[in-house]
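Each remark here refers to the structure printed beneath this line.
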Amino acid sequence: MRRTNAVVASALVAAVLFPGAPARAQVSEARLRELIRQAADATKEPTGSGDPQTAVAAQEQGPIVRLTLDEAVAFALDRNLDIRVQRLNPELQDIALASARAFYSPSLTSAVNRSNTVGTPSSQLQISSGGKGVTQDRLVYNAGLTQNVAWGGGLLTATLNNNRNVSDSNNALFNPQYNANWQFVFTQPILRDFKIDAQRRTLAVTKINRDVSDIQLRASMTNLVSNVRNAYWDYVFATLAVEVAGQSLALADKLVADNQTRVEIGTMAPIDVVQAQAEQATRRSSLVTAQNTRRTAELTLKRLIVSGTDDPNWSVTLEPVDRPDFQPDQVDLEAAIRRALSERTDVAIAKKSIENNSTTLGYLRNQALPVVDAQVTYGVQGIGGTQLLRSNSGVLGSSFTTVPGSIADAFSSLFRSQYPSWTVGLNVTYPIGTSTQGAAVARARVQLSQVEAQIKQIELQVATEITNAAITLRNTAESVQAAQAARELSLRRLEAEQSKFEVGMSTNYQVVQAQRDLNDARNSELRGILNYQKARVEFERLQQTTLQNTNITVIAAGGGAGGA
Numbered sequence: 003m004r005r006t007n008a009v010v011a012s013a014l015v016a017a018v019l020f021p022g023a024p025a026r027a028q029v030s031e032a033r034l035r036e037l038i039r040q041a042a043d044a045t046k047e048p049t050g051s052g053d054p055q056t057a058v059a060a061q062e063q064g065p066i067v068r069l070t071l072d073e074a075v076a077f078a079l080d081r082n083l084d085i086r087v088q089r090l091n092p093e094l095q096d097i098a099l100a101s102a103r104a105f106y107s108p109s110l111t112s113a114v115n116r117s118n119t120v121g122t123p124s125s126q127l128q129i130s131s132g133g134k135g136v137t138q139d140r141l142v143y144n145a146g147l148t149q150n151v152a153w154g155g156g157l158l159t160a161t162l163n164n165n166r167n168v169s170d171s172n173n174a175l176f177n178p179q180y181n182a183n184w185q186f187v188f189t190q191p192i193l194r195d196f197k198i199d200a201q202r203r204t205l206a207v208t209k210i211n212r213d214v215s216d217i218q219l220r221a222s223m224t225n226l227v228s229n230v231r232n233a234y235w236d237y238v239f240a241t242l243a244v245e246v247a248g249q250s251l252a253l254a255d256k257l258v259a260d261n262q263t264r265v266e267i268g269t270m271a272p273i274d275v276v277q278a279q280a281e282q283a284t285r286r287s288s289l290v291t292a293q294n295t296r297r298t299a300e301l302t303l304k305r306l307i308v309s310g311t312d313d314p315n316w317s318v319t320l321e322p323v324d325r326p327d328f329q330p331d332q333v334d335l336e337a338a339i340r341r342a343l344s345e346r347t348d349v350a351i352a353k354k355s356i357e358n359n360s361t362t363l364g365y366l367r368n369q370a371l372p373v374v375d376a377q378v379t380y381g382v383q384g385i386g387g388t389q390l391l392r393s394n395s396g397v398l399g400s401s402f403t404t405v406p407g408s409i410a411d412a413f414s415s416l417f418r419s420q421y422p423s424w425t426v427g428l429n430v431t432y433p434i435g436t437s438t439q440g441a442a443v444a445r446a447r448v449q450l451s452q453v454e455a456q457i458k459q460i461e462l463q464v465a466t467e468i469t470n471a472a473i474t475l476r477n478t479a480e481s482v483q484a485a486q487a488a489r490e491l492s493l494r495r496l497e498a499e500q501s502k503f504e505v506g507m508s509t510n511y512q513v514v515q516a517q518r519d520l521n522d523a524r525n526s527e528l529r530g531i532l533n534y535q536k537a538r539v540e541f542e543r544l545q546q547t548t549l550q551n552t553n554i555t556v557i558a559a560g561g562g563a564g565g566a
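According to my numbering, the sequence shown is numbered sequentially starting from 3.
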């Protein structure tokens, strides 16, 4: 880190003092080396009285990790806790959607039971047989299937009912007797619940909410990437500000040393040394402040890119690698507005709200219709078992012979459809008097109109924000150009004052003031470049093109985000 700071400080000082021109006569090569050394020493560890606050500010915390802007964005998308929470929302909506779709899954039913009944005597036949009640032993085993139909809102029910009866009745035809029957019932709404019903409305709304959760995740990721980029550039600015403060302190140190030499040889009053030392102390304080600001900016960046205090990047010192470049962009305002209107997540969410309200309005309109349901029933019965054939047909109590049989006889007659039955019907329900559905429809219609008006409002807001962002981008570009010119002029003025000071044509105060002006000009240029970078980030964020420009794909829970 220290070697890197020295190299950076050297490059900055050389670039500032020699912007593409030969070495100036006012500054010798030896003085330049000395200036670079002092700037590097000041950046690494402030000189002076050993103030504890200064020593702490200069101390590096943990190992150094070089970090590019792209790496910071990748860490944030993979580890940021807020995004991890947001990624779970689409998964929750998937669960809700699966639950809504489960309504249309077929349901199997079954029932098995056994009963035994001894009935009281109720006929002459029972009295003639001793007055005993009839004993019946019944075994039931049924199965069925129910299916809700998504299209048209119909309901299909199919049942297979089976039972076995054993009785001591004298008039039984089969004993044991097996009964089997198929029954199919289909109910179809014709008016209300035909186009849409409560379940299909829930399913449609859940699908829309699932899309909204994806849009919200994309918005969160866009905002996160923008925040990371801004935090990264803030950290870069804070790092460069430390280097500039170190260079400014080096100039103050050099002035103090030169003044002390002049006092020793009798060409300067001691009061001028005190003035230079006061300026030196002020710049040392500015360096400490810049170092503290850098650490605060580093913590802000870490908060966005780590997964917790156990994250490897939490305990290291991050060294930003990228430096902001200044290349003014040509802005096509009309294209930017069109792009924003098609990509903005708030516009997309508002359009999804229209879909939700339209679904609700359609449902309420349908519920205002009368209930008209068609119902079709078809059934087939089968019977079998051990048959009792009496010798005198029609004479109860006569002798009989048995013909063995089983449940297979019942199923045989069932599948041959020997005993079919069917029913076709129409069920109608019409409310009498005032219905609450009319008021609900009117309210839903007003709410839909309200959302449509909000769309226009959002579109106007988008156009205004994009226009303001474009103006800010242009203004910051002009500010950077002005700051660069001011920095160049401040450098020339300082060189001139130093040259005049060396030959006794300038005062100590004028040199100090020129150094201050150069320091302010450097900071203004850095701040201007930072503001331009942040204006570019905001311009992309408002268009919702941040993820596209950085080749990021949105993936919900269980995945990540990476290059496309």
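Positions of the beta carbon are idealized from the N, C-alpha and C atoms, including for glycine.
On the criterion of 16 or more Cβ atoms from any shown chain inside 10 Å, does residue i qualify as buried, or is it exposed?
{"i": "V505", "result": "exposed"}
{"i": "V405", "result": "exposed"}
{"i": "N93", "result": "Note on identity: in this sequence residue 93 is Glu, with Asn being the wrong assignment. By the 10 Å Cβ count, E93 comes out exposed."}
{"i": "F77", "result": "buried"}
{"i": "S250", "result": "buried"}
{"i": "G427", "result": "exposed"}
{"i": "A104", "result": "exposed"}
{"i": "Q545", "result": "buried"}
{"i": "M507", "result": "exposed"}
{"i": "G1", "result": "Look at the range of the chain in this structure, 3 to 566, and you will see that residue 1 is not part of it."}
{"i": "A410", "result": "exposed"}
{"i": "N173", "result": "exposed"}
{"i": "L462", "result": "exposed"}
{"i": "N118", "result": "exposed"}
{"i": "S215", "result": "buried"}
{"i": "Q179", "result": "buried"}
For residue i, which three-state DSSP category applies?
{"i": "W235", "result": "helix"}
{"i": "T438", "result": "coil"}
{"i": "D522", "result": "helix"}
{"i": "Q459", "result": "helix"}
{"i": "N150", "result": "strand"}
{"i": "T547", "result": "coil"}
{"i": "S117", "result": "strand"}
{"i": "G52", "result": "At G52 the pLDDT is 39, less than 50, meaning the model places this residue with poor confidence and gives no usable figure here."}
{"i": "A446", "result": "helix"}
{"i": "N510", "result": "helix"}
{"i": "P92", "result": "helix"}
{"i": "F196", "result": "coil"}
{"i": "Q420", "result": "coil"}
{"i": "S414", "result": "helix"}
{"i": "S408", "result": "coil"}
{"i": "D375", "result": "strand"}
{"i": "A98", "result": "helix"}
In whole angstroms, give me the CA-to-CA distance for residue i and residue j.
{"i": "T469", "j": "A485", "result": "24 Å"}
{"i": "A441", "j": "T478", "result": "55 Å"}
{"i": "W153", "j": "A98", "result": "20 Å"}
{"i": "S415", "j": "P422", "result": "10 Å"}
{"i": "T204", "j": "K353", "result": "18 Å"}
{"i": "L377", "j": "N429", "result": "Reading off the sequence, residue 377 comes out as Gln, not Leu. Rounded to the nearest angstrom, the two C-alpha atoms are 8 Å apart."}
{"i": "R89", "j": "Q95", "result": "11 Å"}
{"i": "Q512", "j": "R264", "result": "17 Å"}
{"i": "V207", "j": "N358", "result": "6 Å"}
{"i": "D170", "j": "F176", "result": "11 Å"}
{"i": "R495", "j": "T70", "result": "36 Å"}
{"i": "I531", "j": "P326", "result": "7 Å"}
{"i": "A280", "j": "S344", "result": "59 Å"}
{"i": "W316", "j": "P330", "result": "35 Å"}
{"i": "R529", "j": "E499", "result": "26 Å"}
{"i": "A472", "j": "T466", "result": "10 Å"}
{"i": "T111", "j": "Q149", "result": "11 Å"}
{"i": "A370", "j": "R116", "result": "47 Å"}
For a cutoff of 9 Å on Cβ pairs, would you count residue i as touching chain D?
{"i": "L475", "result": "Checking the listed chains, one finds no chain D in this structure; it contains a single protein chain."}
Problem set entry | At least three beta-carbon pairs within less than 8 Å, the stretch 325 to 337 to the stretch 268 to 275 | No, the stretch 325 to 337 does not touch the stretch 268 to 275.
Exercise. Counting Cβ pairs, one atom from each stretch, are 3 or more of them under 8 Å apart for the stretch 144 to 158 and the stretch 181 to 190?
Worked result: Contact holds: three or more Cβ-Cβ distances are below 8 Å.
For this session: Spell out a yes or no on whether the stretch 312 to 332 and the stretch 64 to 71 are touching, meaning 3 or more CB-CB pairs, one atom from each, closer than 8 Å.
Result: Judged by Cβ distances under 8 Å, the stretch 312 to 332 makes contact with the stretch 64 to 71, as three or more pairs qualify.
Exercise. Below 8 Å, can you find three or more Cβ-Cβ pairs linking the stretch 308 to 318 to the stretch 454 to 473?
Worked result: Here the stretch 308 to 318 makes no contact with the stretch 454 to 473; the two share fewer than three CB pairs at distances below 8 Å.
Exercise. Just checking, does the stretch 487 to 497 make contact with the stretch 353 to 370 on the three C-beta pairs under 8 Å criterion?
Worked result: No: the two stretches stay apart, fewer than three of their Cβ pairs being nearer than 8 Å.
Problem set entry | the stretch 163 to 178 in contact with the stretch 142 to 150 per 3-pair CB rule at 8 Å | Cβ pair count under 8 Å is three or more, so yes.
Problem set entry | Inside the stretch 285 to 350 only - alpha helix (DSSP H) runs reaching at least 4 residues | Fully enclosed alpha helix (DSSP H) runs of no fewer than 4 residues occupy 335 to 345 of the stretch 285 to 350, in order along the chain.
Exercise. Between the stretch 375 to 391 and the stretch 456 to 466, do at least 3 Cβ pairs fall closer than 8 Å?
Worked result: The stretch 375 to 391 is not in contact with the stretch 456 to 466.
Exercise. Using 8 Å as the threshold, is the stretch 277 to 295 in touch with the stretch 242 to 256, meaning 3 or more CB pairs across them?
Worked result: Yes, since at least three Cβ pairs between the stretch 277 to 295 and the stretch 242 to 256 fall closer than 8 Å, the two stretches touch.
Exercise. Touch check for the stretch 236 to 244 and the stretch 293 to 301: three-plus C-beta pairs under 8 Å?
Worked result: Yes: at least three Cβ pairs fall under 8 Å.
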